[in-house]
Structure formats: structure tokens, C-alpha cells
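Quick notes on the structure that follows.
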Amino acid sequence: MGLTIWFRNASQHFCVLLLCPMHFWFALTLALSNNCLLNSTGPKTYSFGSAVDSNASTDESILKVIINSNLEKRIIAIINEHKKQTGEKGMISRRLTAKKLQDVYMALQGFSFKTEDIEEAMNNTILYGGDLHSALDWLCLNLSDGNDKANERYLHLAEKLVEMKELAKSSKEEKNKQGQKMAQEKIRRFQQEMATLEDHPLFNPEIKVTDQPSEKKKNPVFLETDGALSLKTLEKSQNPPPEEQKVKKKDPQDVRNFDYTARSWTGKSPKQFLIDWVRKHYSKSPNPSFEKVPSGRYWKCRVRVIKSADDTLVVCPTIVTEDSMQAQHLAATLALYHLTKGQSVHQLLPPTYRNVWLEWNDAEKKKEEENKTETNKPRDQFIARLLNKLKQQQPPQQSEGKPKLSEDAEDSWENLISEEDFNGLSLETSFTDNLEPMRALFKKQQSSSRYQRLLKEREQLPVFKYKHTLIETLKKHRVVVVAGETGSGKSTQVPHFLLEDLLHNERSLNKCNIVCTQPRRISAVSLATRVCEELGCENGPGGRNSLCGYQIRMESRTGEATRLLYCTTGVLLRKLQDDVLLSDVSHVIVDEVHERSVQSDFLLIILREILHKRSDLHLILMSATVDSEKFSSYFTHCPILRISGRSYPVEVFHVEDVIEETGFVLEKDSEYCQKFLEEEEEITVNVTSKGGGITKYQESVPVQVATGVELGPYFQKYSSRTREAIYCMNPYKINFDLILELLAFLDKSPQFKNMEGAVLIFLPGLAHIQQLYDLIFTDRRFDLRKRHQLIALHSVLSTQEQASAFTLPPLGVRKIVLATNIAETGITIPDVVFVIDTGRTKENRYHESSQMSSLEETFVSKASALQRQGRAGRVRDGFCFRLYTQDRFESFLEYSVPEILRVPLEELCLHIMKCNLGSPEEFLSKALDPPQPQIVAKAMYLLRKIGACELSEPKLTPLGQHLAALPVNVKIGKMLIFGAIFGCLDPVATLAAVMTEKSPFTTPIGRKDEADLAKSFLALASSDHLTIYKAYLGWKKARSEGGYRAEMTYCRSNFLNRTSLLTLEDVKQELIRVVQTAGFAAPSSRHEGIHSLSLQEMVLLKAVLTAGLYDNVGKIMYTKSVDVTEKLACMVETAQGKAQVHPSSVNRDLQTYGWLLYQEKIRYARVFLKETTLISPFPILLFGGDIEILHRERLLSVDGWIHFQAPVKIAVIFKQLRVLIESVLKQKLENPKMSLEDDKILNIIKELIKTENTI
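Throughout the sequence shown, residue numbering follows mature numbering (1 follows the signal peptide of the UniProt record, and there is no 0), covering -31 to -1, 1 to 1224 in sequence.
Spelled out as C-alpha cells, the structure:
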């Protein structure tokens, strides 16, 4: 059943083909792009259809969606209340016209809604800025009674239809033509009204009557007409029988003469024309019959045309003639008028009959216009009243102010400056600073003994002899690149030189405010502390009369006298938000710029723009001797000042040397030993029996391996023990046993045991630091009370804990410092003599399979390895022990790839839009290393997909604004936000940590079945994610109750990696801190302990997982098996094709109807889905893609391929709930301190999710 509607305006026509009525409002909105309540313009023709089988209600794989009736009413009440409180911020009075309102009204009439319902819907939606969508949604939500009445009316008509069919049948048997005709006419009317009800949006298709064999039958229609007759009665087929017409009062007869001469017309007569026309078009029908009807002394004629066995046309004009033949011609003309409607047949008739034809046509049009005017009078009056109300409403002019941000988010991305801000600012700033008190203070401190003592140490630094050169270069150039080797002292002395020059030179500008950025907090703190000492400040950074201070996240040490500020990159980005040109800053120093973090590259783009606006700002870029020419070219070939480092010789030992010297033995069953699969070959064994017969057996035996290990000529100088260890050792796993052996060797070796100096060990992350810390702490060879001091360095540790790394231990005590790559260049531990380099680091890498980034352990670059080596030669001859071979060192990359080229750009695009810096594609094209445009476009597509960015322009949604405050992957960020607002942040943060790192489950070679069995034992709710969380809770419980031994026993029995669990715990806590810093304080929840999840909590957690991982979903291809013991692989239909659940998943043989959420899709011999979770319809409808209503099929469609069985009202409810969630996020954006714990919208959504029986 289809419906085609045409719309027309002054310039163009629109045709909309409707295949189902709920497509009407969507099609109409697009077609009326210039006439309705939307801005967008679209193509002129739209065709809407569905490939879904209409028998979907019997398909068990299409899940049904049902909401508890009481809960549904409460949700609708909240939706309506929200609409009344907020209204919809659409276009209101200024562009709204009566024509646009009329289009909406007529569209709603097309669904057979009652007039009063239409008016109420428009009053509740259009009046508040809504459109046709809003009106239809309101009707679907609020006309539950209408739904019942429509269905009741349909059932009533169905009963009457059966009765009339029986009456028609009995009349036919009795040969009662009149009774049969009346029954057939009523049948026709009933079927027409039932067809209209079937198209109603709220109609229940389960009650539809499908057996209607008489629906196509058309009964003889008797029409008696006059010159002013409205021929609409023919179309409606609702005129009363001839007997009822006889009682009407007779009007004066219309007598006419239709005579014409042979001269005026030589063609066919109307009668003959009709006969010939019927013969041509109804060849199987008899000729028309003409029945003369006397009317006094005048004549009329009744014509009967049998079109088919069940379709007869009977007409008789009311105009009478004096001649019976003229009456026949007139009747033939009327029959032709009805049979050839829309054709110009009248031009083939004699002039007298042609005129009466035109008269009938004009009368019909006039009558239709009158009927239309009368019918539309209530509508027009209502529209006039509504338009008057709308014109009285003045749309509020609201200025969108920038939202306030948490003061603690200093290391995260912040609001910066927009192009509009730049355009409205002057080139020069008027800021002045009274430097006289600072000069007096500085002169006083210069005379202190502390200053003079440290001055002598400073003069020994390589950078000191470049002091004059640097100052003079800055006087000639506004931008300078300082390329200094490790140990040159540039990080402390260059800012110090600038400060001294500005305070010494009284003729300098009246501005002295130096900002030096550092990539890490520990660097900013340690450098500020050192410079304070060198300046002679007694109270430390930020103290009274202190010229130097620091500012990091959640900690600021500055004072009124501070003129040199060390801060993290994020802090300077924050300052740019408040002062778009840094008007009170005289010099910006960007240190460690060679590290090429995303934030530093982003900062360089902004600073380059500011330099065009401020002629008095100076910029110094400091880096190691790495690619300094590139930075010079970026800033218009600015000068490069190269400074050599002060370093003592460092002797390098690779792992082969370490093993040879220490006597380390790698056991075959060691966890650090590579597992090699033995090759086998088949041999034939001949066995001779007692009788002399020979029996042959096929046996598989291991291939004999040569005793010598072939590693190349270079390794021939080493012992066989060393060569075998090198050959068998896993190069991708850090060998803690070897590190412990090496530390013990340093204590007992004659060469090193009496040598003073600290040991610096480079490790990839906090989990490795903690693991090695525990091993050293429990090893009896190390006396941590008298002979050893163990210190851990990591960004999550407090400033006080890290400060101990920079103090000298007592004589005879060896300091062992465990650190990540922060100790490469950013900080200097003064007494380091020994460096142990594991050669591993963590870098942010993007995974195409999961569309997420994670910190991945990888080998360092050659440049990083040399920086680590240089740490050992600061105070005396040093020693560097590399736990990788020399061959592997030669295979390292020269430099690390810039972070902007190896991480997803969604986060960066978020902040570009947040700062109103224009198109992300255009902005990033200005970067030092611009990413490829298609990569940026892909990032923007994902942001639009998850609802963080507007579809039509680079503008953030409320969700996007919140995601921009979280320095994490956008999918992870979305999960964390919803985990916080729904009160389950702890488990969500745990699972988010797993996604950014890796699963703690391990599968040792040869023990796959055992590992799978252990994981299956922990399986929970058909979910790998919840199973991991259950394993994590078990580990925490074992750790807290039984200590280290119980912890290791739990990990071994459940095949869990302790290092992964430690990393998971660390990342989880950091994620929770990030969310809280962004203003989402987690509501009180019992998840924070080690309690197991309840059924409802599992459902809620699955919903939040869906919010983050959608559209990684697939439909389970359920395969029924006769053998219940048979384990069939779980196959899934995704949007990109079929895939199989990975054998390591707890859902590997899941067979049920439903949908799977997956974390990652990987391709081996086939496509596999890893880390899956069985989910239900509600989360997909709440957090999935676009919802479309397939009304005829009684289905809801998400993103065009996910289908659920549900009435229209369910779709409208979920669409409106999405709007409510966005409104809550917007309110939170406007009021960061707003508590969400008692928010009724969020509570009703949580209740809705928990009521769905999914597990």
C-alpha cells in the first residue's frame, strides 16, 4: 500500500513516495525543506522502503522490546515535563508562516488523527519551537486512549463486514438485486474505513483482517446528475440508493435543446462515440444499453456500461430534452465524462455537448473548492490563532558563554583562544611591571653565600660559557633554538640567564615574566627547586622573596616575587584560556621540545600565531641535539645555538657481556625463556616377531637439534652458556632475575663494590617498577636498612616521595632508583654512575581493530638509548648495562615517531573545536608534522558517530564538551562519563583500564585447555568484560586477605598475569582521578570495595559498556543442534560481514538469539571477535545509532540494520530519552558543581535499564 504526495511552491515541485505512513513525517520534512520547520534542503525526490520481511513478528531472532506499563507512563510524564520546562530551541516566529503551519497540520491529517488531537499536539510542540517530528512524537506518546479506540473501531468494522458479506450472499441467492447492491455498497465503505485505520501509526497489525476476497469488487454505481452536480460522489461511492433520492423535493426541471446541424459537426455523435469507446476499452463487455426515462413531456436517458462482471457504471443526467435521441446523446456524454476523466475527449464531441461537458467540469471544481473551504475553515482558524501566539513570543537572545572548567584540570586539554579572539586584539600589549623591588631583591640574594657557592658550580657547566651569546642572540631574534646535549645544564641555566639579564639591565623592557614548560611534573618541580637554590632563595620555590616557582596539576608554588615559572605544558595551555596573547609574559621557553608530544606540537601552533600578534614576545625552544633544524625551519629559519654536554666516558655492556661477567644461567623452565615447538619427523620402525614376521610401525620422533647454538660470528667469543642464554632468552620480556643478579654483582665484584654511585634502572611503567621493587625488597642479598636505599620515580608518586631521588645517600649506601623514561632527559639525578637499561618503554599506539589507542610496550629508539647511557656520565666515569644485544641496538629506529603521527586524532580534534580554532583539518595542516587529511577526516567521522560533534559543522555537543576535558580515548571517555553519572564508575574504570592495556588472562604454550577451563570457571553473565572484572575482584580479595603468597597462588590457579593486574589497578585509579578532576564526582557506590555484582548492576554495567563500544555490535547467528552436547562455534553477523567469536572468549560456543558487543575485531585465517559481551535491546536503543521506525513491519531499526520488534511509541520514548540525557550533560556543562546523584532523569533511565531481563 503506497501513497504519493505532491508539494508545490513558487519555484519547485516535490514528490514524496510513501511506502508506510510513519515514513510520512520524515519524508515531508525533507521535501518541505523550504516550506517546513527545518533549515536543510535536500533532493527533490525521496523514496522510502524496507527490505525487512513483513513476517518479522514471527522471526525469533528479532528481539521484542517491551517496557513496563507503569514505568512507561512515568517516563512519558518526565518527557512531557521536560518539554514544558525547556521547550525546543528551534526556529519560532520570525520565519514561521501560515503555509508552513498548514503543511504540518495537513501532514497530521494524513494519519487520520482527530482534529482536537492535532491541535493539542501543535499547541504542545510548535508553540515551543518544535516541528512535525515533535508533533508526531507527542501524539505517539500521549494518545494511548486513541490507540485503543482506533483498534476497537477496527474490530467493530470487521464484525459489520462479516455481517454484510453474509447479507450480500443471501441476497444473491434470493435474486434480490436491490438488497445485494446495498450490502455491497456498505462492504465497500467498511473496507475503505478499515484500510484507513490500518495506516494509522498506532494501529495494532495483529488484529488486521487479511482475508478480504471482495475488497476488489466494485458494484454498479448509479449517478443522477445535473449541471451543478459535484462529481465527488462518484469517487466516494457513498450516495444513497435511488429510492432514498425520490423523497427529496423536486427542483424545477432543466430543459435544454442540444440540436446541431450537419454543417456544424461532421464527426461521430456522442452515442456512437461511447459505443466505439467501450468496444475498444472493454472488448469483452456488451455494448452500452440506453434506457429512455420519460419525465412528463420531456425525456431523460439512463446508460449502463458494464466494465467487468462486478463493475458496472450507470448514469442518468438530470437535464431533460424534448427529443429522446438528444437524451440518449446527453447520457452518452455524461458516461464518457466519467469514463475518460482527465482526458480532453470533449473536443471530439459536437459543440452543444462539448459545452455541457465544460459546464459539468466547472461546476465540479467549484463544488470541490467550496467543500474544501468549508472543511478547512476550522484548520485555518486554528492556524491563525497559533500564528498569533507565536508572533507574540520573542525568542530569547542567549549568549553562549564559555563554560567554567575545573581548576584542577591543569594537565588536561583546556579552552584556548579562538580566531575571533585573535582578530579583536591589538598587536601590542600595554602591560608594564615595576621591576625595581625585584632588582633590589636579586642584588641582595647575589651577595648571599649560597649564591656564590653555587655560582662556582654553575660556571663549570658547559652551557655557562654560552651565556653572553644567548643573550645577544635573543636581542637580535625573537625565536631561538637551543640544542644542548644531555648534561649541558640548559634546563636550569637558560631560564636563569634570562632572569638575570632582565633584572640587571635597567634599560630593558619593563616586563620580566619567564615561563618555562616541562613535559612532566617531576621535571618542573626538581628544576624549580634547583634554580631557587642557585638564586640564593632560602624559602624554596614560591616562598617569600622567591624569584622562582612552579605550577603543576593540583599544586602551585608561586608568590608575588615570582618572575620565573616552571610549569607543565598543560598549565600554559590553561593560561592561554585566560590571556589569549600571554600579555604579561615576556619569554616562553619550551623545554624538551624534541619529545614531540601532541600537547607540545599543539602549543607550537598556538605560539606561532601569537608571535604574529606580539612583537615583544620571545620564544626559546630547547631540545637535545635531535632534529633541531626542523624546529628552526618551522619558525622561519631562526638561529640555532648548539651547546656541547659535559659528560665523562661511559662504558657500555650489552646483555651478552652482562651474562658472561655475572655467570647468569637461564634455566630451561624459566619464565624468561622462549618456548620453542619441537619439530617432529615420521620414521618407520620394523619389529620382527618370533615367527620371523616383520611388522612396520609409523612413529613421530623429535628432530635432533645441534648442540651448538648458531648466533653469528660476533658471539663466538662468548661461552656456550652465554650463547645458549642469548638464544633462548625472550627479548620481549624484561628479565628481573638478570637485573637482581646484576645488582648483586655490583656489590660483590672487585671492580664495582667499593665504587660510590647510584644505580638508575629504566623500566617501561609503574607495574614493572612495583614488581621489581617488591623483588628487591624481599631479596636477602640487599640490605635496605644499612647498605641500600631503594627509590621509585613515577609521575603518580607525590612530590615529596620523588624528592628523595635527588638527595645524596650516606657514604657506603648505594642508592637504587627505579624510573621510567622521565629520567632520560627531563631530570638529572646527580650521583648516578650505573645505568641499567631494559630498552623498553611505553608509547601510545592506535589499534585499527578496536579503533582505540593504548599504551603499548615497545623498544626505545637509538636516540633514547643514547640519552639513557648519558645519564651515567654526569659526575665521573660511568657504566651502562643494556639488557639487549648489540645487534638489537643496531636495529632500533633512529628517532621516535612524533606522537601526532601515531595516535588517533579524535582527542586533538575535540580540543581544536572546543577552542573555536576553526576546522580541525585546516588547523592541523599548520603543525610541524601535519597528519594526513584522511586520518583527520576519520577522526571527525568517529566523533560524529559517538555523538560528540554536530553532524553539519565542526561544533561540539554537550557530550563532546565533557569528553574534551578527559585526556583519554573518546570511546573510553564516553564510558567513564556514563559510568560516573550512572553510579558505577569503579567497575567501568576497571574495564576501561583493561581496554587501554590488555586482558590479565594468559594462555601458556601447551596449556590452552587448562587456561580456557579456568576462565570458564570464572565466566559471568555471558561477558568477557564482566568475567575480567570478577577475576580482578578475586585478585584484590586474595591480595588484601592473604598477602603476596595468596595473591600469587590466585594468579597461578586462574592463569592471570600479576604484572597486568598491577598495571590495571594503576591505570584504573588514574582514570578515576581524571573523571573526578573533570567535575564528575562518582556517586556513593558499593562497587568501590571487592563485593560481587548483583544482577541489576550487571545489566547497568553492560549498558555503559554499550555506550562506549557501540557500534562494535553483531547479531548472533543462532544454530539449533539436535545434540545438546555438541559445541558449535558462535558466529556473528556484523555490519561489515560475518565473524567468529575468538576461541579464548567465554562466549566461544554461545548459542542464543541476541546481540554481542565486542571490543576488537582481528583477522587471522578468518575474522574473529575478541572480548565479547551479550547485550540486550535497551542499551542499543539508548546509546546506539539513528533510530528509524518501520511501521508496516512493526519494527525499530537502528543504523539501518539492527532490528527490534516494538510499537512506534517505544521508538519515540527512546529518542526522547536520548534528548533528556543530552540535556543533563548540557546542564552539567553549564554548572560543573551540579550533583547528578538525585537527578530524576538519570534515575528513571537506570530503572528502565535494570528492569530489562537480559541475563
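Using N, Cα and C, we set each Cβ at its ideal position, and we do this for glycine too. The structure presented is a predicted model; accordingly, all values stated were derived computationally and were not measured.
Unbroken stretches of the beta strand (DSSP E), 3 residues or longer, contained in the region 240 to 298: 258 to 264, 267 to 277 and 280 to 286
Where the beta strand (DSSP E) containing His606 begins and where it ends: The sequence position of residue 606 within the sequence shown is 637, counting from 1. That residue, His606, is in no beta strand (DSSP E); it is neither H nor E in DSSP.
Exposure of His250, with buried meaning 16 or more beta-carbon neighbours within 10 Å: Numbered from its first residue, the sequence shown carries residue 250 at position 281. Exposed: under 16 other Cβ atoms inside 10 Å.
Leu112 beta carbon less than 9 Å from that of Val1181: Stepping through the sequence shown from its first residue, residue 1181 is reached at position 1212. Stepping through the sequence shown from its first residue, residue 112 is reached at position 143. Going by C-beta atoms, Val1181 is not nearer than 9 Å to Leu112.
Cβ contact check for the region 461 to 477 and the region 561 to 579: 3 or more pairs under 8 Å: no
Expected contact under 8 Å - CB spacing of Ser888 and Lys967 to nearest Å: Translated into positions along the sequence shown, residue 888 becomes position 919. Translated into positions along the sequence shown, residue 967 becomes position 998. Between Lys967 and Ser888 the Cβ distance is about 36 Å, and since that is not below 8 Å, they are no contact.
Identity of the residues DSSP links to Trp234 by a beta bridge: Here residue 234 refers to the residue found at position 265 of the sequence shown. Looking at the DSSP assignment, Trp234 forms no beta bridge with any residue, so it has no partner.
Residue 1227 (DSSP reduced to helix, strand or coil): An answer regarding residue 1227 cannot be provided, because it is not within the stretch -31 to 1224 covered by the chain.
contact_flag[the region 695 to 705, the region 769 to 789] where n(CB pairs < 8 Å) is 3 or more: no
Range of the contiguous alpha helix (DSSP H) that encloses Cys697: Looking up residue 697 in the sequence shown gives position 728. Residues Ser689 to Cys697.
CB of Leu635 within 9 Å of CB of Glu693, strictly: Against the sequence shown, residue 635 aligns to sequence position 666. Against the sequence shown, residue 693 aligns to sequence position 724. Yes, they are a contact pair.
Selected residue, minimal CA-CA separation from Lys1096, among Thr94, Val1082, Asp1118 and Ile738: As a working mapping, residue 1096 is identified with position 1127 in the sequence shown. When only C-alpha atoms are compared, the closest one is Asp1118.
Asn340 - DSSP class collapsed to helix/strand/coil: By one-based count along the sequence shown, residue 340 stands at place 371. In the structure shown, Asn340 sits in a helix (DSSP, three-state: H, G or I).
Residue from Gly511, His315, Glu890 and Asn885 whose Cα sits closest to the Cα of Leu874: Counted from its first residue, the sequence shown places residue 874 at position 905. Checking every option, the nearest Cα to that of Leu874 belongs to Glu890.
CA-to-CA distance, Val314 to Ser252, given in whole angstroms: The residue given as residue 252 occupies position 283 in the sequence shown. The residue given as residue 314 occupies position 345 in the sequence shown. The alpha-carbon atoms of Ser252 and Val314 are separated by roughly 19 Å.
6 Å CB neighbourhood of Gln222 in its chain, flanking five on each side removed: Here residue 222 is taken as the residue at index 253 of the sequence shown, counted from 1. Within the same chain, Gln222 has close Cβ partners Val289.
For Ala1108, the nearest candidate out of Glu1129, Ser555 and Ile440 (CA to CA): Taking the sequence shown and counting its residues from 1, the one referred to as residue 1108 is at position 1139. Ranking Glu1129, Ser555 and Ile440 by Cα distance to Ala1108 puts Glu1129 first.
Length of the line joining the Cα atoms of Glu793 and Ser833: Translated into the one-based positions of the sequence shown, residue 793 becomes position 824. Translated into the one-based positions of the sequence shown, residue 833 becomes position 864. The alpha-carbon atoms of Glu793 and Ser833 are separated by roughly 7 Å.
Complete runs of the alpha helix (DSSP H) confined to the region 1090 to 1159 [at least 4 residues]: 1146 to 1152
Contact set for Thr442: own chain, Cβ-Cβ below 8 Å, skip 5 residues either direction: By one-based count along the sequence shown, residue 442 stands at place 473. Taken in chain order, the residues that qualify are Val449, Pro608 and Leu610.
Cβ-Cβ distance between Tyr998 and Leu989 below 9 Å: Indexing the sequence shown from 1 puts residue 998 at position 1029. Indexing the sequence shown from 1 puts residue 989 at position 1020. Cβ atoms of Tyr998 and Leu989: closer than 9 Å.
For Ala452, three-class secondary structure by DSSP: Here residue 452 corresponds to residue number 483 of the sequence shown, with the count starting at 1. DSSP places Ala452 in strand when its eight states are reduced to three.
Paired residues, beta bridge with Lys984 - DSSP: Sequence index remark: in the sequence shown, residue 984 carries index 1015 (1-based). DSSP output for Lys984 lists no bridge partner at all.
Runs of beta strand (DSSP E) lying entirely within the region 839 to 911, each at least 3 residues, in chain order: 847 to 851
Lys434, enclosing beta strand (DSSP E) - first and last residue: Start at 1 with the first residue of the sequence shown, and residue 434 comes out as number 465. Where Lys434 is concerned, there is no enclosing beta strand (DSSP E), given that its DSSP letter is neither H nor E.
Among Val963, Ser1063, Ile1085 and Val325, the one whose alpha carbon lies nearest that of residue 1254: Any property of residue 1254 remains undetermined from this structure, which presents the chain solely from -31 to 1224.
Residue range of the beta strand (DSSP E) that includes Tyr641: For this step, residue 641 is matched to residue 672 along the sequence shown. Per DSSP, Tyr641 belongs to no beta strand (DSSP E) and is neither H nor E.
Three CB pairs or more closer than 8 Å across the region 1123 to 1142 and the region 1157 to 1168: no
C-alpha gap between Gln720 and Cys849, whole angstroms: Within the sequence shown, numbered from 1, the residue matching residue 720 stands at position 751. Within the sequence shown, numbered from 1, the residue matching residue 849 stands at position 880. Rounded to the nearest angstrom, the two C-alpha atoms are 14 Å apart.
Cβ neighbour criterion (16 or more within 10 Å) applied to Ser23: Position 54 of the sequence shown, counting from 1, holds the residue named residue 23. Interpretation of Ser23 is limited by its pLDDT of 44, a score under 50 that renders its predicted location unreliable; the figure taken from the coordinates is listed afterwards. The residue in question, Ser23, is exposed, as its Cβ has fewer than 16 Cβ neighbours within 10 Å.
Proximal residues to Thr302 (C-beta, below 7 Å), its chain only, five neighbours per side dropped: Taking the sequence shown and counting its residues from 1, the one referred to as residue 302 is at position 333. Same-chain partners within the cutoff: Pro239, Leu318, Tyr322, Val325 and Trp326.
Cβ neighbours of residue 1225 in the same chain (closer than 6 Å, five flanking residues each side left out): Residue 1225 is absent from the model: the chain starts at -31 and stops at 1224.
Outcome for Ser515 when other beta-carbon atoms lying within 10 angstroms are tallied against a minimum of 16: As a position in the sequence shown, residue 515 is number 546, starting the count at 1. Buried, by the Cβ-count rule.
Collapsed DSSP secondary structure at Arg754 in the structure displayed: On the sequence shown, position 785 is the one that residue 754 refers to. DSSP places Arg754 in coil when its eight states are reduced to three.
Bounding residues of the beta strand (DSSP E) (the contiguous stretch that carries Met724): The count along the sequence shown starts at 1 and reaches residue 724 at position 755. From DSSP, Met724 is part of no beta strand (DSSP E); its letter is neither H nor E.
Cβ separation of Ile574 and Lys895, assumed to be a contact under 8 Å, to the nearest whole Å: Start at 1 with the first residue of the sequence shown, and residue 574 comes out as number 605. Start at 1 with the first residue of the sequence shown, and residue 895 comes out as number 926. About 5 Å; that satisfies the 8 Å criterion.
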